[in-house]
Every structure is written in structure tokens, then in C-alpha cells.
Amino acid sequence: MKQLRLAIVGATGAVGQELIKIIEERKIPYTDLKLLATAKSAGKKIEVGGKEYTVEEATLDSFKDCDAALFAGGPASKAFGRAAAELGCVVIDNSSTFRYDPDVPLVVPEVNPEALIGHHNLIANPNCSTILLVTALWPIYKYTKVKRVIVSTYQACSGAGKEAMEELKEQSMQVLKGEPIHPEHFPYQIAFNVIPQIDVWVDGDYTKEEMKLVWETHKIMGDESIGVTPVCAVRIPVMRSHCEAVYLETEEPLSVEKCRELFSGEDYIVLQDDPEKLLYPMPVTSTDTDKTYVGRIRKDTVNDHALNMWISFDQLRKGAATNAVQILEELIKRELI
Ligand SMILES: NC(=O)c1ccc[n+]([C@@H]2O[C@H](COP(=O)([O-])OP(=O)(O)OC[C@H]3O[C@@H](n4cnc5c(N)ncnc54)[C@H](OP(=O)(O)O)[C@@H]3O)[C@@H](O)[C@H]2O)c1
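Read left to right, the sequence shown gives residues 14 to 350 (the numbering used here).
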């Protein structure tokens with residue numbers, strides 16, 4: 014197997030730290046590993062696979078002798094992503110910078126791995142909420158076309174990065190001690206609150222985070238006729254793992270039992286659906302795993318071609334780091350790198 018010269022950009026961040034764990038867990042074959050971040054982190058020591066690495070400041074030169082780079086460095090994507098790809102380094106990018114470019118594949122390996130064929134060294138990892146949604150829709154879509162989806166997201170604070178995680182911790186302590194709160198990362202207090210806004214406003218008073226669910230679901234599933242309505246993307250005071258309440262309408266009627274059977278046939282899905290035993294997906298269960306958890310499946314009260322359900326997964330892992338590493342594995346398997 015080809016041994017890679019690999020870089021992780023944003024190695025000191027929330028997703029970067031998961032990338033480091035996951036390349037070890039999944040035994041990605043590399044000879045060289047560069048851990049890149051900003052100048053502020055240069056010189057920090059990080060242990061990977063029993064060996065100590067020194068974090069370097071990312072510059073364009075960092076990518077000259079790299080076969081692949083996993084980008085989780087926020088602004089670094091715009092600064093270096095395309096230029097690194099032009100130098101011959103295969104870039105797998107976690108940001109939204111390139112997701113809608115027609116020449117950039119947007120890939121969830123369980124759904125559309127063939128989109129990697131003919132790539133131009135730049136591959137985009139989808140938005141975390143979209144990965145959660147499409148991994149749950151896909152087993153159903155393979156059985157009968159999904160015509161309509163109405164979705165609300167309940168997104169953990171780690172989705173906004175390491176500083177946001179600190180803000181949740183600090184504010185929780187401050188509220189409990191009765192101290193004043195001074196929000197910095199989120200627009201309002203997040204501890205003991207929910208905020209119905211994630212990312213900036215776009216047309217029609219939707220947020221960009223909401224519209225990513227529409228644009229990216231169409232691109233990944235290759236079907237622009239799926240009617241996707243993002244009701245609301247909501248930030249919740251949970252550290253890790255996003256959840257979604259999903260209404261979906263199918264072309265053929267789909268019973269709850271058949272739907273459960275379809276989910277049970279996929280090894281990346283954990284069906285947790287037993288109302289009597291109070292069994293349903295929750296962040297405390299999905300955190301630190303790579304699975305999509307599905308439950309609360311029931312017939313819609315109005316439309317007999319529709320079901321409602323509740324889904325959850327660890328967005329730092331399958332919603333970002335694991336999906337990116339799986340893309341790298343797929344490239345290796347298909348000899349596309
Ligand atoms: N968090 C999630 O659940 C999630 C899910 C999907 C996608 N993403 C995307 O993944 C990326 C990283 O998110 P995160 O949550 O891990 O953020 P984060 O915790 O804030 O970490 C950001 C990382 O990027 C580095 N960085 C920032 N600017 C850089 C630059 N110009 N050059 C090189 N490195 C730079 C930071 O280095 P320093 O430590 O030196 O500042 C840090 O390592 C973002 O594009 C985000 O949209 C995140």
C-alpha cells in the first residue's frame with residue numbers, strides 16, 4: 014500500500030484533534046506527517062502514534078512535498094486549499110469554501126464515493142448537518158425516492174470550534190454561580206439557552222447553515238428534485254453530537270416496519286427505536302462513535318406517504334474528521350491518489 018506524505022491543517026482545533034486520533038485508529042499509511050496551524054501554535058508538541066510532532070505554521074511551502082492534506086483550518090482553506098491542490102497535493106477540505114464549485118466533488122463515502130473519480134486534487138467534505146441527514150435518507154432513497162424532507166437541526170457547541178466549547182463550559186459555571194455572562198463566540202448566552210441562528214443570513218431570511226442542507230443534499234444525492242425545507246438550525250447547550258428532527262415523504266408508501274428494516278441493513282446506522290423501553294438516539298449515546306443513530310420512527314399524522322424520525326451523530330467525527338479520513342481511504346482503495 015502506498016505510504017503517504019500527509020498534512021493535517023488545523024491540527025490544534027476541534028476537528029484537527031479528531032483527525033489525529035482517527036488517522037491512527039484507522040491505520041492510515043503515512044511516512045511523513047505535518048501538523049499545521051497558525052503562527053500562534055507553532056512549536057506546540059503533539060503526540061501521534063507514540064511519536065512527538067511539532068506544530069508548524071501553515072504556509073504554501075508546507076504542501077510542496079505532501080501527497081495529501083486534511084484541511085480543518087477554517088480560513089486556511091481559502092488561503093491555501095486551491096494552491097496546494099495545484100502543487101499536486103490532494104486536498105480534502107472540511108470548510109464550505111469549495112463545496113459548491115462544480116469541479117469539486119462533495120462526498121459522503123456511504124452515498125456517493127464514485128463522485129471521486131476524475132477529481133482535480135480538491136475534494137470537499139460536506140457540512141456536518143448535511144452528512145447526518147443524507148446518511149439517514151440514503152437507505153430509504155435506495156428503496157423508494159424521497160420526494161420531500163422537512164428538517165430542524167439541534168446543533169452542539171463543538172460544531173462552532175474549540176473556543177465555542179470553552180464558552181459553553183465557562184458560561185455554564187458562571188450561570189450556576191450567578192455571575193454575569195459576556196457572550197463572545199455566540200450572539201447570546203448559550204448556557205441554559207437555545208439560539209435559533211447558526212451562521213449568517215442569506216436570501217429569504219434563512220441562515221447559510223440552513224441552506225447548506227438544501228444545496229448539499231441535492232449535490233451529494235444527485236437529485237435536485239428532492240424538496241428540502243430547513244425549518245430551523247438551532248444551537249443547543251450540548252458539547253458534542255448534533256441531532257435532527259426529520260419529516261420525509263416518499264414516492265411509495267413506507268411502513269415504519271419496512272423503514273426499520275432498511276436501517277437495520279446498513280452497518281453505519283444504529284437503530285435505537287423502542288418507545289416502550291424509552292430507547293431513542295441522544296448525544297450522550299452517539300458521542301465518540303462514527304455511527305448515525307436513528308429512532309422515534311412513526312407515521313406522519315396527516316400524510317400517509319410520510320414518516321417522522323429523530324437522528325443523531327457525533328459531528329466532530331462522522332460529521333467532519335471520520336468522513337474526511339474515509340474519503341482518503343476511498344481514494345487509496347480506488348488508486349485515485
Ligand atoms: N467543528 C465541527 O463540528 C465542524 C464540522 C464540520 C466542518 N467543520 C469545519 O472544520 C474547520 C475547522 O473547524 P473547528 O471546529 O475544528 O475549528 P477550531 O476548533 O476553531 O480550530 C481551527 C483550527 O484552524 C487553525 N487555523 C485557523 N486559521 C488558520 C490559518 N490561516 N492557517 C492554518 N491554520 C489555521 C487553528 O489554529 P490555531 O490553534 O493556531 O489558532 C485551529 O487549529 C472549519 O472550516 C469548520 O467549518 C467543523
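All C-beta atoms, glycine included, are put in the ideal place defined by N, C-alpha and C.
Taking a contact to mean a Cβ-Cβ separation below 9 Å, would you say Val120 touches Thr230 in this structure?
In the sequence shown, the residue the question calls residue 120 occupies position 107. In the sequence shown, the residue the question calls residue 230 occupies position 217. Against a cut-off of 9 Å, the Cβ pair of Thr230 and Val120 comes out as no contact.
Does the pairing of the region 276 to 293 with the region 221 to 238 give three or more beta-carbon distances under 8 Å?
no
To the nearest whole angstrom, what separates the beta carbons of Glu257 and Tyr167, a pair I think is in contact under 8 Å?
Within the sequence shown, the letter at position 244 stands for residue 257. Within the sequence shown, the letter at position 154 stands for residue 167. Contact flag correct, Cβ pair sits at about 7 Å.
Is Leu146 closer than 9 Å to Leu226 when the C-beta atoms are compared?
What you label residue 226 is simply residue 213 of the sequence shown in a count that begins at 1. What you label residue 146 is simply residue 133 of the sequence shown in a count that begins at 1. Cβ distance < 9 Å, so Leu226 and Leu146 count as in contact.
Range covered by the alpha helix (DSSP H) that runs through Cys351:
Nothing about residue 351 can be reported from this structure: the residues present for the chain run from 14 to 350 only.
Ser299 to Met322 span [Cα, whole Å]
Position 286 of the sequence shown, counted from the start, is the residue given in the question as residue 299. Position 309 of the sequence shown, counted from the start, is the residue given in the question as residue 322. Approximately 16 Å between the Cα atoms of the pair.
Please report how far the alpha carbon of Pro193 lies from the alpha carbon of Ala27, in whole angstroms.
In the sequence shown, the residue the question calls residue 193 occupies position 180. In the sequence shown, the residue the question calls residue 27 occupies position 14. Roughly 27 Å separates the two Cα atoms.
Boundaries (first-last residue) of the alpha helix (DSSP H) holding Glu179
Your numbering for residue 179 matches position 166 in the sequence shown. Counting along the chain, the alpha helix (DSSP H) containing Glu179 begins and ends at 175 to 190.
Express the C-alpha separation of Asn336 and Ile41 in angstroms, rounding to a whole number.
Taking the first residue of the sequence shown as position 1, residue 41 is located at position 28. Taking the first residue of the sequence shown as position 1, residue 336 is located at position 323. Computed Cα separation, rounded: 13 Å.
Check whether the region 126 to 133 and the region 243 to 259 are in contact - that is, three or more C-beta pairs closer than 8 Å.
no
Pairwise C-alpha distance: Asp286 and Ile310:
The count along the sequence shown starts at 1 and reaches residue 310 at position 297. The count along the sequence shown starts at 1 and reaches residue 286 at position 273. Our two residues, Ile310 and Asp286, have alpha carbons roughly 7 Å apart in a direct line.
So Trp228 is in the alpha helix (DSSP H); what residue range does that whole segment cover?
In the sequence shown, residue 228 corresponds to position 215, counting from 1. Looking at the DSSP string, the run of the alpha helix (DSSP H) that includes Trp228 is 221 to 234.
Whether Val22 touches Leu46 by CB criterion (9 Å):
Counting from 1 along the sequence shown, the entry for residue 22 is found at position 9. Counting from 1 along the sequence shown, the entry for residue 46 is found at position 33. Contact flag unset, no.
Nonlocal neighbours in the same chain, by C-beta distance under 6 Å from Asp80, ignoring five residues either side:
Taking the sequence shown and counting its residues from 1, one reaches residue 80 at position 67. The residues are Leu17, Arg18.
Per DSSP, what are the beta-bridge partners of Pro243 in this structure?
The residue given as residue 243 occupies position 230 in the sequence shown. Beta-bridge partners of Pro243 (DSSP): Val164.
Is it buried or exposed, Trp151, if we count other Cβ atoms within 10 angstroms and call 16 or more buried?
For the purposes of this step, residue 151 is identified with residue 138 of the sequence shown, where counting begins at 1. Buried, since its Cβ has 16 or more Cβ neighbours within 10 Å.
Closer than 8 Å to a non-hydrogen atom of ligand 1 - does that hold for the CB of Asn316?
Locating residue 316 in the sequence shown gives position 303, where the first residue counts as 1. Shortest gap from the CB of Asn316 to any heavy atom of ligand 1: 8 Å or more.
Do Phe111 and Ser90 count as a contact pair if the criterion is CB distance below 9 Å?
Sequence index remark: in the sequence shown, residue 90 carries index 77 (1-based). Sequence index remark: in the sequence shown, residue 111 carries index 98 (1-based). Cβ distance < 9 Å, so Ser90 and Phe111 count as in contact.
Residues bridged to Met295 by DSSP?
The count along the sequence shown starts at 1 and reaches residue 295 at position 282. Answer is none; Met295 lacks a bridge partner.
Pull up the CB-CB distance for Phe199 and Glu180, whole angstroms please, since I reckon it's below 8 Å.
Along the sequence shown, one-based indexing puts residue 199 at 186. Along the sequence shown, one-based indexing puts residue 180 at 167. Yes, Phe199 and Glu180 are in contact; Cβ-Cβ is about 7 Å, under 8 Å.
How big is the Cα-Cα spacing for Ala20 and His318?
Taking the sequence shown and counting its residues from 1, the one referred to as residue 20 is at position 7. Taking the sequence shown and counting its residues from 1, the one referred to as residue 318 is at position 305. Cα to Cα, the separation comes out at about 47 Å.
Below 8 Å on the Cβ atoms is my contact criterion, and I expect Leu129 with Pro139 to pass it. Report the Cβ-Cβ distance as a whole number of Å.
As a first step, residue 129 must be located in the sequence shown, where it is residue number 116. As a first step, residue 139 must be located in the sequence shown, where it is residue number 126. Not confirmed; about 13 Å, so no contact.
Using 10 angstroms around the beta-carbon of Lys190, count the other beta-carbons present and answer buried if the total reaches 16, otherwise exposed.
To locate residue 190, count along the sequence shown from 1; it is residue 177. Result: exposed.
Could you tell me whether any non-hydrogen atom of ligand 1 is closer than 8 Å to the CB of Ala20?
Translated into positions along the sequence shown, residue 20 becomes position 7. Incorrect: Ala20 has no Cβ contact closer than 8 Å to ligand 1.
With burial defined as no fewer than 16 other Cβ atoms inside 10 Å of the residue's Cβ, what is the status of Lys304: buried or exposed?
For this step, residue 304 is matched to residue 291 along the sequence shown. It counts as buried.
Spatially closest choice to Met178 from Val104, Ser165, Ser254, by CA coordinates
Position 165 of the sequence shown, counting from 1, holds the residue named residue 178. Looking at the Cα atoms, Ser254 is the closest of the given residues.
Any idea if Gly278 is buried or exposed, counting beta-carbon neighbours within 10 angstroms, 16 or more meaning buried?
Position 265 of the sequence shown holds residue 278. It is exposed - the Cβ of Gly278 has fewer than 16 other Cβ atoms within 10 Å.
Quick one: Cα of Glu265 to Cα of Glu274, how far?
Counted from its first residue, the sequence shown places residue 265 at position 252. Counted from its first residue, the sequence shown places residue 274 at position 261. The alpha-carbon atoms of Glu265 and Glu274 are separated by roughly 16 Å.
Identify which residue in Pro209, Ile340, Glu348 has its Cα closest to the Cα of Ala82.
As a first step, residue 82 is located in the sequence shown; it is residue number 69 there, counting from the start. Selected option, being the one with the closest Cα: Ile340.
I'd like to confirm something about Gln328: is its beta-carbon nearer than 8 Å to some heavy atom of ligand 1, or not?
Here the question's residue 328 lines up with position 315 in the sequence shown. Correct: Gln328 has its Cβ closer than 8 Å to ligand 1.
Just to confirm, does Thr335 get its C-beta within under 8 Å of one of the non-hydrogen atoms of ligand 1?
In the sequence shown, residue 335 corresponds to position 322, counting from 1. Not under cutoff, so the answer is no.
Would DSSP call Lys47 helix, strand or coil?
For this step, residue 47 is matched to residue 34 along the sequence shown. The three-state secondary structure of Lys47, taken from DSSP, is strand.
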